[in-house]
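Numbering (this note's numbering), first residue to last: 2 to 369.
Notes for the one structure printed next.
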């Protein structure tokens, strides 16, 4: 019942146009700024230059003080899930397992996104027993040629490290008789790897994750257009994914074919067709406590180490972001503070928009 109340409160806020009557259902926390590999297309560490993100650059990793504040303030607002991801590789943070324990004690569902190259036997065992709900392991490459193209300046030995890490997690889960963490293999698709779905299927069949997800490659700041798929490549890949969907479902492995095809159809111009509702359903917390409305947004709305999160969540900066978001497709040029051309919220935005697109204008008039 509480879940339903939170959904209705989110919809009420969208109808009103700027306020939030419940907290974000999920939060994304930057764990650490550093990473041990380079990925062509990473928003933070790819070889191309990047505009610095907001926040204090002298703070390079999340602290227990920040984690404790999140655990104290966000669940009381209705936040149910936290994603540990961000600029760097989470498993470079020496306190990650402890953080997971804190979030679980606060009643939050926890997901971690990792490149999967740092697992040792002790770390894998600790992770399996940590209470983590979902472990997402990214596979930009499944062979040496793809690794060379997708991970420039990175040792090819890490290709095998990623596979070995996934095998460790599976073995330790089986030995412990546990079903969690659920393991998801994430496959970002770009020009370098789009013609090798067969290699991905072989990896999936050998390691048997619980689910797989394909990610639509996004051009970061107009510097990586040469890595984006052509319409013909998208169509060919879509046809192959539909066949893979049938095969993996028969094996009991979930796959996000529908979400991928929606992203392929709408990106990078989704903002022309779908308003941004991100200001009501998520928040992004940097390592120093700086709050951004979205992972690909430079719009600093406050710092939760300096003021209570509820004050930020319904403060003037967030209200301004929400007002602009619902009018985004009619706003002319993209705002300089957001990378909306590479929207990473298509799935949730589309789900909400399908529900509201016909009735929202009428409901708003009724609220005036």
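Yeah, the Cβ is synthetic: ideal placement off N, Cα and C, and Gly gets one too.
These numbers were taken from a predicted model, which means no experiment stands behind them.
Quiz item: How many angstroms separate the CA atom of residue 232 from the CA atom of residue 266?
Solution: One Cα belongs to residue 232, the other to residue 266, and the distance between them is close to 9 Å.
Quiz item: Does the distance from the CB of residue 185 to the CB of residue 278 come in under 7 Å?
Solution: Not in contact: residue 185 and residue 278 (Cβ atoms no closer than 7 Å).
Exercise. Kindly indicate the opening and closing residues of the beta strand (DSSP E) around residue 82.
Key: In this chain, the beta strand (DSSP E) harbouring residue 82 covers 82-86.
Exercise. Specify, as a first and last residue, the run of the beta strand (DSSP E) that residue 216 falls within.
Key: 212-217
Quiz item: Under three-state DSSP, which class holds residue 149?
Solution: helix
Quiz item: Taking the Cβ atom as the reference point for each residue, do residue 153 and residue 145 lie within a distance shorter than 7 Å?
Solution: Pairing residue 153 with residue 145 gives a Cβ-Cβ distance that is not under 7 Å.
Quiz item: Is it true that the CB of residue 155 sits closer than 7 Å to the CB of residue 34?
Solution: no
Quiz item: Among the residues of its own chain, which have a CB less than 7 Å from the CB of residue 86, if the five just before and after it don't count?
Solution: 29, 114
Practice problem: Quick one: residues in its chain with C-beta nearer than 8 Å to the C-beta of residue 78, no 5 flanking neighbours on either side, listed in chain order? | Solution: 23, 24, 25, 310, 311, 314
Quiz item: Which full runs of the beta strand (DSSP E) of 3+ residues lie inside the region 274-334, going along the chain?
Solution: 283-286, 291-293
Exercise. List the residues that DSSP assigns as beta-bridge partners of residue 339.
Key: 298
Exercise. Report yes or no: do three or more beta-carbon pairs, one from the region 83-101 and one from the region 113-127, lie closer than 8 Å?
Key: The region 83-101, when compared against the region 113-127, does touch it at the 8 Å Cβ threshold.
Quiz item: When DSSP labels each residue in this structure, what does residue 247 get in the three-state scheme?
Solution: helix
Quiz item: What are the start and end residues of the alpha helix (DSSP H) that includes residue 173?
Solution: Its alpha helix (DSSP H) spans residues 158-177.
Practice problem: Drop a sphere of 10 angstroms on the beta-carbon of residue 176, count the other beta-carbons inside from all chains shown, and report buried for 16 or more, exposed for fewer. | Solution: exposed
Quiz item: For the 8 Å Cβ check, are there 3 or more pairs between the region 2-21 and the region 317-325?
Solution: yes
Self-check item: Of the residues 95, 62, 99, 106, the one placed nearest residue 82, counting alpha carbons only
Solution: Cα-wise, what sits closest to residue 82 is 106.
Quiz item: What is the DSSP secondary structure of residue 136, counted as helix, strand or coil?
Solution: strand
Quiz item: Helix or strand or just coil, what does DSSP make of residue 143?
Solution: coil
Quiz item: Roughly how many angstroms separate the alpha carbons of residue 199 and residue 179, rounded to a whole number?
Solution: 30 Å
Exercise. Determine the direct distance from the alpha carbon of residue 54 to that of residue 65, and round the result to whole angstroms.
Key: Each residue's alpha carbon lies about 22 Å from the other.
Quiz item: Roughly how many angstroms separate the alpha carbons of residue 296 and residue 355, rounded to a whole number?
Solution: Inter-residue distance for residue 296 and residue 355 is about 23 Å (C-alpha atoms, whole angstroms).
Quiz item: How would you write the range of the alpha helix (DSSP H) that residue 91 sits in, first residue to last?
Solution: Taken as a continuous stretch (DSSP letters only), residue 91 belongs to no alpha helix (DSSP H), as it is neither H nor E.
Quiz item: Taking the C-alpha atoms as reference points, what is the distance between residue 135 and residue 227?
Solution: 33 Å
Self-check item: For residue 187, the three-state DSSP class (helix, strand or coil)
Solution: strand
Practice problem: Could you tell me the distance, in whole angstroms, from the CA atom of residue 130 to the CA atom of residue 120? | Solution: Approximately 14 Å between the Cα atoms of the pair.
Quiz item: alpha helix (DSSP H) containing residue 203: first to last residue?
Solution: 198-208
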